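Have a look at the structure below before the remarks.
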Amino acid sequence: MSAEPNYTIKQDGEYEVVIQKSKFIAHFKRVETEEEAQAFIQTIKKAHWNANHNCSAYIIGERNEHQKANDDGEPSGTAGMPMLEVLRKRQLKDTVVVITRYFGGIKLGGGGLIRAYGGTVSEGLDAVGIVERVPMQRLTLSVDYGWIGKVENELRQSDYLLDDIVYAEDVTFHVSVPVEATETALAWLVDLTNGQGGLETQDVRIIERDFVR
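So for the sequence shown, the working numbering puts the first residue at 14; every next one is plus one.
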């Protein structure tokens, strides 16, 4: 699994701003396929059929395989590409944004449009929030009851996630660690229990944590 940063929007949402009497409404959605992205774009266009423009951009795929920008009638390169560049700069994946513009009577010029569309996306992302998706290796550690206090205390003070504690014939701690730290974590747990614990690796899960610039 890739260790590259993996960011996406925290939630779907909208952000509205008025620039030189023109209303810009940014619509954000998390998607997994180009079909989903295109369907969302069409939904916004239908909902805002009377708008002057519904410009869009998206990045989809673990390796950013699918990227597209559309100016929807604005001068070439002044809307979709500035929007896409913000998504790239924030290293976002699986995100589509549509900006609806209702013209207010004042022309912004090429530079003004680039700043307006790019700025609206940037401000909108701050509003809806960004999360980092982190692949975590799940581990289980089974120990005798005499180890409960020490192991639980050390785990809670560590940077690893203590997901659950199961009490049966032995005590089993369910722990999640960053994939790249798996070997280090295993060695630490062996040392913690003087090699007396039963360690097993389980599956990999993805957790999301808030990302703040």
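Beta carbons: idealized from backbone N, C-alpha and C, even for Gly.
Please read all numbers here as calculations on a predicted model, not as lab measurements.
Restricted to the stretch 59 to 117, the beta strand (DSSP E) segments that are unbroken, complete and at least 3 residues in length are 66 to 73, 79 to 83, 108 to 115, listed in chain order. In the DSSP assignment, T153 falls within the unbroken beta strand (DSSP E) covering 143 to 156. Scanning its chain for C-beta atoms nearer than 6 Å, with the 5 sequence neighbours on each side dropped, one finds around V99 the residues G131, V134, S135, in chain order.
Boundaries of the beta strand (DSSP E) harbouring V30: 26 to 32, taken from the DSSP string. Taking the Cα positions, R169 is about 44 Å away from S69. Sixteen is the threshold: since fewer than 16 other Cβ atoms of the shown chains lie within 10 Å of the Cβ of A200, the residue is exposed. Annotation for Q209: no beta strand (DSSP E) segment contains it, and DSSP assigns it neither H nor E. Membership of V179 in the beta strand (DSSP E) is indicated by the continuous run 174 to 180. At the C-beta level, A198 and Y173 come within 9 Å of one another. Sequence-distant partners of V30 (beyond 5 residues in either direction) whose C-beta falls short of 6 Å from its own C-beta, in its chain, are F37, T133. Under DSSP, F186 forms a beta bridge with L154, I178.
In the displayed model, V203 falls within a helix according to three-state DSSP. Nearest in C-alpha terms to G142, of all of T108, G122, R128, is T108. Taking a contact to require three or more Cβ pairs closer than 8 Å, the stretch 145 to 158 and the stretch 112 to 119 do not qualify as touching.
DSSP links F37 through a beta bridge to V30, R114. Put simply, the backbone Cα of E213 is about 37 Å away from that of D25.
One alpha carbon belongs to N207, the other to I161, and they sit about 14 Å apart. Ranked by Cα distance from Y28, the first of D157, G137, P18, V190 is G137.
With 16 or more other Cβ atoms inside 10 Å of its own Cβ, E87 counts as buried.
Taking all protein chains in view, the Cβ of V217 is surrounded by fewer than 16 other Cβ atoms within 10 Å, so the residue is classified as exposed.
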